[in-house]
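*Asks:* There's a structure below that I have some questions on.
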Amino acid sequence: MKIAFYLAMDDKPGKLALMQMRDEKQMKKKNPLSADDQNLFRDLMSGTKKLTQDTIVHRPMRKKVQEVPVKRLLQEQVDASHYFSDEFQPRLATEGPTRYVREDVSHFELKKIRRGDYSPELFLDLHGLTQMQAKQELGALIAACRREHVFCACVMHGHGKHVLKQQTPLWLAQHPHIMAFHQAPKEYGGDAALLVLIEIEEWLPPELP
1 MKIAFYLAMD DKPGKLALMQ MRDEKQMKKK NPLSADDQNL FRDLMSGTKK LTQDTIVHRP
61 MRKKVQEVPV KRLLQEQVDA SHYFSDEFQP RLATEGPTRY VREDVSHFEL KKIRRGDYSP
121 ELFLDLHGLT QMQAKQELGA LIAACRREHV FCACVMHGHG KHVLKQQTPL WLAQHPHIMA
181 FHQAPKEYGG DAALLVLIEI EEWLPPELP
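Position 85 of the sequence shown, counted from 1, bears residue number 85 in the UniProt record's numbering, the numbering being contiguous throughout.
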């Protein structure tokens, strides 16, 4: 889907730029600095040094999301869902909340998910989908998270003994880019959803309050 932004204008194209230039010229005319004022300002500023700002650290801005060709999206979806097998059954905890952590990932990540340190940026609702459709959507979600550098996502599989609730954790545990997942906190669906941590490039853990 292509999203375009338009500037609504009643005037002809180019009129806005001309008005802005005219306003800038008028502002300069209203507030001119005389030669004496300019010299006085230079005298007052002489000997001053630029302060080094070391108290505020800005987080790097996420790159602007760009439009991705449909063919690439479909290929990413297929590649990511390739790992989801119905025959292979990974070992998951049978007692307590649904959870999984990759062998090379700290179990402390599960604790951080459980206590709400991570907030999902993308959500996927699997209600009403077939198993094949659910696999495709999971594949698309993982691909989107890696492409847009989204570390945490929420997958809503539903309540009860629904087949997708049983299969979704088994599928996710097979994917190499899934670092961990845990039953979601209540505000994100509780036992009807999972919070998933996806391995992305140049990831830094979130700062805790």
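The beta carbon of each residue, even a glycine, is placed where N, CA and C say it ideally should be.
Is it right to say Phe151 is buried, meaning 16 or more other beta carbons lie within 10 angstroms of its own, or is it exposed?
*Replies:* By the 10 Å Cβ count, Phe151 comes out buried.
*Asks:* Just grab the DSSP bridge partners of Cys152 for me.
*Replies:* Cys152 pairs with Leu197.
*Asks:* Taking only three categories from DSSP, how would you classify Phe41?
*Replies:* Correct three-state label for Phe41: helix.
*Asks:* To which residues of the same chain is Lys112 closer than 8 Å at the C-beta, ignoring the five residues directly before and after it?
*Replies:* Once the five neighbours on either side are set aside, the close Cβ partners of Lys112 are Tyr118.
*Asks:* Between the C-alpha atoms of Arg102 and Thr130, what's the straight-line distance to the nearest angstrom?
*Replies:* The straight-line gap from Cα to Cα measures roughly 27 Å.
*Asks:* In its own chain, which residues sit with a C-beta less than 8 Å from the C-beta of Ile178, not counting the 5 before and 5 after it?
*Replies:* Excluding sequence neighbours, Ile178 sits near Tyr100, Arg102, Ile142, Leu172, Val196, Leu197, Ile198 and Glu199.
*Asks:* Got a sec, what are the start and stop residues for the beta strand (DSSP E) Leu124 sits in?
*Replies:* Run containing Leu124: Leu122 to Asp125, per the beta strand (DSSP E) assignment.
*Asks:* Please say whether Ala180 and Val105 have beta carbons closer to each other than 8 Å?
*Replies:* Result yes, Cβ atoms of Val105 and Ala180 sit closer than 8 Å.
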